[in-house]
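>
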Amino acid sequence: MLINKQKVISEKKFVGEISEQLKNKLKENKFIAYKVYDVNEQIRKKMIQELKEGKLKLPA
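Heads up: the sequence shown is residues 58 to 117, going by the numbering used here.
#1: With a threshold of 6 angstroms on Cβ separation, who are the neighbours of K82 within its own chain once the five nearest residues in sequence on each side are excluded?
#2: Would you kindly work out how many angstroms separate the C-alpha atoms of Q99 and L79, rounded to a whole number?
#3: Is F88 near the ligand GTP - that is, is its Cβ less than 8 angstroms away from at least one heavy atom of it?
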């Protein structure tokens, strides 16, 4: 009985570590996605500004 209990405890610990790693990875990915969105938003605003100023010509 003692061996099985120890095995269950170690499996729970393993699952806990994996879920912690996944949570951290998810946070990193959200941060990266937000940074990419932010950069795209800045580029879009810059292009709109240049269009308004007549600096940027759209291809016909």
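Backbone N, C-alpha and C define an ideal beta-carbon position, used for all residues, glycine too.
Well, looking at it:
#1: For K82, where only same-chain residues beyond five positions count, there are no Cβ hits under 6 angstroms.
#2: Between Q99 and L79, the C-alpha separation is close to 30 angstroms.
#3: Summarising the ligand content, the structure contains no ligands, and the ligand GTP is consequently not present.
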